[in-house]
Amino acid sequence: MRFLRNAMALALSYLIENSRSPTALFWMLAFPQLFLFVFAFVFAGGRPNDVAYLMPGLLTLTTITSSFFGFSIRLVAERERGALRRLRVTPASAGAVVAGHMLHAIASLSISLLFQLAIGKLFFHFPVQGSIGTLLVMLLAGGIAFVPLGLFIGCIGRDTRSAPALNNLIVFPQMFLSGSAMPFFMLPGWVQQVGRLLPATYLNEGLQRVIIGGQPLSGLLGPIAVLVLFGGIGLVLNSLLFRWESSDPLPLGRLGAGLAILTVALGAVALWGPVLSMAAKPH
Amino acid sequence: MLIEVEKLVKDYGDQRALAGIDLAIEAGGTVGLLGPNGAGKTTLVEILEGLREPTSGSARVFGLDPRKDSRALRLRIGVQLQATALPQELRVSEVLRLYAAFYPKTLTARAVLEQVELAGKERALVRTLSGGERQRVSLALALLHDPELLILDEPTAALDPVARRGVHAIVERLAAAGKTVVLTTHYIEEAEKLCKRVILLRRGTIVADGSPFDLIGHSAGLSTMWIEVDGPFDPARLLGAGAVDQGREGRHLRFTVSDPGAIVVALGDTLRAGGGKLIDLRLRRPTLEDVYLEFMGEQGASAQVETLLNEEKRA
Chain A
1 MRFLRNAMAL ALSYLIENSR SPTALFWMLA FPQLFLFVFA FVFAGGRPND
51 VAYLMPGLLT LTTITSSFFG FSIRLVAERE RGALRRLRVT PASAGAVVAG
101 HMLHAIASLS ISLLFQLAIG KLFFHFPVQG SIGTLLVMLL AGGIAFVPLG
151 LFIGCIGRDT RSAPALNNLI VFPQMFLSGS AMPFFMLPGW VQQVGRLLPA
201 TYLNEGLQRV IIGGQPLSGL LGPIAVLVLF GGIGLVLNSL LFRWESSDPL
251 PLGRLGAGLA ILTVALGAVA LWGPVLSMAA KPH
Chain B
1001 MLIEVEKLVK DYGDQRALAG IDLAIEAGGT VGLLGPNGAG KTTLVEILEG
1051 LREPTSGSAR VFGLDPRKDS RALRLRIGVQ LQATALPQEL RVSEVLRLYA
1101 AFYPKTLTAR AVLEQVELAG KERALVRTLS GGERQRVSLA LALLHDPELL
1151 ILDEPTAALD PVARRGVHAI VERLAAAGKT VVLTTHYIEE AEKLCKRVIL
1201 LRRGTIVADG SPFDLIGHSA GLSTMWIEVD GPFDPARLLG AGAVDQGREG
1251 RHLRFTVSDP GAIVVALGDT LRAGGGKLID LRLRRPTLED VYLEFMGEQG
1301 ASAQVETLLN EEKRA
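As they're listed, the protein sequences go chains A and B. Residue 1 is where the first sequence starts when you use my numbering, and the numbers rise one by one after that. Residue 1001 is where the second sequence starts when you use my numbering, and the numbers rise one by one after that.
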């Protein structure tokens, strides 16, 4: 109860801060729409059915970029400017602080994604074959996977100058090998095999199944399971590697253990991950 | 004892920040940790707050281990860090509400803001506050849960003299209300004004510990005495009692003396014997600054000057 109260108070304060910051509002609301309009006009000619094919990738991109460039850098910045240190001298636990960041990130991401969906609907009238409820569950699964992974980089990033480099290392493969920035079926076979290991691939796959394939929730359990697995690993990595202060050394032993767990999970996804319907060329 | 520290050592790599400190602080009043940069003041308070693990030795606050019993301890202490990063886009009342969520019981925002003389600033955004006001918000956060012990790390650093005086008044009121305040400072006059006990630190060791009055009393520093006499005056008795003639300053004779009491007696004898009339007598005792310089030596003093110059620039 106390844990939740502390986390909620932190999340609320971060949301209030964001709502008063023009820069934060731009990145949360306006920036994803730049992608939407460029992709919708350049690649889909503004046609509703073609825009629908782009939406899963665009929503995946918004999830990835918000998680890695927004929330993870925020955590690094809070640590760098000493805000976490101030929290450390209160009875709030490290878990509550991380949970506060996660709640804030999930809420901000939800606002971004819902706004993008609304703008897409309003301007391009793209059809959603499945139910809106199922689409929202799929988006939430994406947030559950990527927010903890983004905050993991926030935990290990030394400062706001070096953390973006780490984020780029993770974000670019997710963008280009998951079928988000270019169709998955166009990727060479071996690249698809690498793509099958990435959580973004399963978010994109799940969103395609709802938006284009019209599948119900029961048809999304495979992608959702993979995303929840990555989210769980993200939580473990955060609990192992959270640091209150920039001067705290990175616990290399724990980092090694975390990466070993991640490797095992990647192996499990490679062996037992769901078949990707987007790997086949659409008719 | 409120705070008990035994043989406390803290190393940062091959740098020794604390070199085996023993210290006991009882409840009530203000205790100042005074010393130049690098003396170990902040390291010591950070160990007491549970922010740093000592290399060896032990520290207990309220009988609790600051690292192992951190939650229990933080419910009972209020901390003002040397640099506090407040959320810039929140209102003062929102910052207080956020921090109040971490404690089971807190004072009202109005009561705390009155204590730190910020009543009426509830709706102000933090980024619009002056440096002194932010420092007082930071102090308000430390007071929010009505703690028994306050640890203030350089609470007036980088503040202008008016804002500094405001913080002094708050600390004086807290001590008068029965709180125990431990503060670090490198302002000597601040320690002399606020603290019933001053602990001088140098290179991670305690070099002096006592009330400002006692420290000054035991100082080897000399007092200066100015005497103005109308009529004949032979200083031989004064010189015999240990005074050193420093020549004239206007109509006054100036002496440096180690035992002012003996000199006053000798002065009385001289006047009775010679028939002169005492017009004016002034005495300047050594200050805490003299004591500080005595213990810190030239290196400590130059570090102090450097610190103060940096503070001036920041202010």
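Idealized CB from N, CA, C, for every residue including glycine.
For V236/A, the enclosing alpha helix (DSSP H) has its first and last residue at 221-241.
In this model, T62/A and G189/A are separated by some 26 Å (Cα to Cα). In the structure shown, M182/A adopts coil according to DSSP, grouped into three states. The Cβ-Cβ distance between V42/A and G130/A does not fall below 9 Å.
DSSP assignment within the region 1129-1183 of chain B yields the following whole alpha helix (DSSP H) runs of 4 residues or more, N-terminal first: 1131-1143, 1161-1176. Contact annotation for R1071/B against chain A: P91, S93 [CB-CB distance below 8 Å, chain order]. DSSP, reduced to helix, strand and coil, places H125/A outside both helices and strands of the structure shown, so it counts as coil. The beta strand (DSSP E) runs of length 3 or more contained entirely in the region 1196-1240 of chain B are, from start to end of the chain, 1197-1202, 1205-1210, 1223-1230. When the Cα atoms are used, V1137/B and E1114/B turn out to be separated by approximately 11 Å. Inter-segment contact for the region 1268-1281 of chain B and the region 1218-1236 of chain B is present: three or more beta-carbon pairs are separated by less than 8 Å. Secondary structure of L1253/B (DSSP, three-state): strand. Take the alpha-carbon of P1161/B and the one of E1190/B: they are about 11 Å apart.
By alpha-carbon distance to E1094/B, the top candidate from A1019/B, A1140/B, R1248/B, G1132/B is A1140/B.
Only those residues of the region 233-248 of chain A whose C-beta falls short of 7 Å from the nearest C-beta of chain B would be listed, and there are none. Inclusion of G273/A and G222/A in the CB contact set at 9 Å is warranted, their separation being smaller than that value.
Within the same chain, Cβ atoms closer than 6 Å to the Cβ of L237/A are found at F152, G258, the five residues on either side in sequence being excluded. In the three-state scheme derived from DSSP, where H, G and I count as helix and E and B as strand, G82/A is classed as coil. In terms of CA proximity to I1263/B, M1225/B leads the group D1230/B, Y1292/B, M1225/B. With fewer than 16 neighbouring CB atoms inside 10 Å of its own CB, K1007/B falls in the exposed class. If you ignore the 5 residues before and after F176/A, its C-beta comes within less than 8 Å of the C-beta of M182, all in its own chain and listed in chain order. Taking 7 Å as the upper bound on Cβ-Cβ separation, chain A lies near residues F1102, Y1103 of the region 1102-1120 of chain B. Bridge pairing for Q1080/B: L1152/B [DSSP]. Listed in chain order, the non-local C-beta contacts of A105/A below 6 Å within the same chain comprise F71, V147, local neighbours out to five positions each way being set aside. Residue contact with chain B for L187/A: absent (no Cβ-Cβ distance below 9 Å to any residue of chain B). Nearest C-alpha to S180/A among L54/A, I16/A, M1/A: L54/A.
Secondary structure of T1030/B (DSSP, three-state): strand.
Counting C-beta atoms within 10 angstroms of its own C-beta, T1180/B has 16 or more neighbours from the protein chains shown and is therefore classed as buried. In this structure, the straight-line span from the alpha carbon of I1216/B to that of R5/A is close to 51 Å. Around T1084/B, the same chain offers S1138 as residues with beta carbons nearer than 7 Å, after the five sequence neighbours per side are excluded. Secondary structure at E1189/B: helix, using DSSP grouped into helix, strand and coil.
Between the region 33-40 of chain A and the region 117-135 of chain A, the count of Cβ pairs shorter than 8 Å is three or higher; the stretches touch. Around A1083/B, the beta-carbon contacts reaching into chain A at under 7 Å are G82. In the DSSP annotation of this structure, the continuous segment of the beta strand (DSSP E) that includes S1058/B starts and ends at 1056-1061. Pairing A1208/B with T1185/B, the inter-Cα distance amounts to about 15 Å.
Take A1241/B, set aside five residues on each side of it, and the residues of its chain with a beta-carbon closer than 7 Å to its own are A1262, I1263, A1266, in chain order.
Annotated as distal: S13/A and L1152/B, with beta-carbon spacing of 9 Å or more.
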